[in-house]
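Sequential numbering from -17 applies to the sequence shown in the numbering used here. Beta carbons: idealized from backbone N, C-alpha and C, even for Gly.
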Amino acid sequence: MNRTRTLNVAFASSFAALTAIGGMISVPLPFSPVPISLQTLFVYLSGAVLGGYIGALSQAIYILLGCVGLPVFSGPVKAGFQALLGPTGGYLIGFVAGAFILGKLVESRRKLDLRWMLTSMVLCTFVIYGLGVFQLSLWLGVGLEKAAAIGVLPFLIGDSVKIVLASFISIRVRRLLLYRIK
């Protein structure tokens, strides 16, 4: 394995571990099977810092760790493949898709500014929410509007704060990485 590939695997694994830690820092909600957690912060950072493919790989590794039995997921099912079929499964798949799209949006710009980073992270959030709400509605047997009330509204303020924080961090980290490479 060449040095670049080794670094990519190491970075992807590190962000998978950070997402797992973010899942352990969670607050259950009495009215929703979806808890508040720090996972999305690390999804944002993985896509923005690592780019589309490696960011998505980090989230796929995270899901794989949970599917093989490590208790890394937040929510009612902490581990196992059945978590993908449960109420939070759509959000988990959204982590991979969101990190990929966010990373590709970030990679599409030569010079990153805060506005582009914020916009890209908001789009990432829409992907995560969209897939999450779709599966949540199927799992609960309710319409998309009711599922969105349960699976989106309680998270808007926290995710907004995470987006702002992740935007500042990722721009700074990307600048440091580019500086070190030159």
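(message) Quick check: the segment 38 to 53 against the segment 94 to 102, are at least 3 beta-carbon pairs closer than 8 Å?
(response) no
(request) State yes or no: is the C-beta of Thr(-12) within less than 7 Å of the C-beta of Phe24? (result) Position 6 of the sequence shown, counted from the start, is the residue given in the question as residue -12. Position 42 of the sequence shown, counted from the start, is the residue given in the question as residue 24. In this structure, Phe24 does not lie closer than 7 Å to Thr(-12) by Cβ.
(message) Under DSSP, the beta strand (DSSP E) around Ile18 begins and ends at which residues?
(response) Your numbering for residue 18 matches position 36 in the sequence shown. Per DSSP, Ile18 belongs to the beta strand (DSSP E) from Ser14 to Ser19.
(request) Can you tell me which of the three DSSP states Ala52 falls into? (result) Sequence index remark: in the sequence shown, residue 52 carries index 70 (1-based). Sequence check: residue 52 is Leu here, not Ala. DSSP places Leu52 in coil when its eight states are reduced to three.
(request) Pick helix, strand or coil for Ser90, following the three-state DSSP scheme. (result) Locating residue 90 in the sequence shown gives position 108, counting from the first residue. Correct three-state label for Ser90: coil.
(request) Indicate whether Pro69 and Pro10 have their beta-carbon atoms separated by less than 7 Å. (result) As a working mapping, residue 69 is identified with position 87 in the sequence shown. As a working mapping, residue 10 is identified with position 28 in the sequence shown. No.
(request) Report all residues from its chain with a CB closer than 6 Å to the CB of Val109; omit the five preceding and five following residues, and keep chain order. (result) Position 127 of the sequence shown holds residue 109. Closer than 6 Å at the Cβ level, and outside the excluded window around Val109, lie Gly76, Ala79, Gly80 and Ile83.
(request) State yes or no: is the C-beta of Val88 within less than 7 Å of the C-beta of Ala131? (result) Sequence index remark: in the sequence shown, residue 88 carries index 106 (1-based). Sequence index remark: in the sequence shown, residue 131 carries index 149 (1-based). The answer is no: Cβ separation not under 7 Å.
(message) Considering only the alpha carbon of each residue, which of Arg157, Gly125 and Ser142 lies closest to Thr22?
(response) In the sequence shown, residue 22 corresponds to position 40, counting from 1. Ranking the options by Cα distance to Thr22, first place goes to Ser142.
(message) Is the beta carbon of Ala65 closer than 7 Å to that of Leu52?
(response) Reading the sequence shown from its first residue, position 70 is the one you call residue 52. Reading the sequence shown from its first residue, position 83 is the one you call residue 65. Not a contact, by the Cβ cut-off of 7 Å.
(request) Given a cut-off of 7 Å, decide if Gly72 and Gln41 are closer than it, judged by their beta-carbon atoms. (result) Locating residue 41 in the sequence shown gives position 59, where the first residue counts as 1. Locating residue 72 in the sequence shown gives position 90, where the first residue counts as 1. No, they are not a contact pair.
(request) Can you tell me the Cβ-Cβ gap for Val115 and Leu126, rounded? I've got them flagged as a contact below 8 Å. (result) As a working mapping, residue 115 is identified with position 133 in the sequence shown. As a working mapping, residue 126 is identified with position 144 in the sequence shown. Contact flag correct, Cβ pair sits at about 6 Å.
(request) Answer with buried or exposed for Lys93, where buried requires no fewer than 16 other C-beta atoms within 10 angstroms of its C-beta. (result) Taking the sequence shown and counting its residues from 1, the one referred to as residue 93 is at position 111. By the neighbour-count criterion, in which 16 or more other beta carbons inside 10 Å mark a residue as buried, Lys93 falls on the exposed side.
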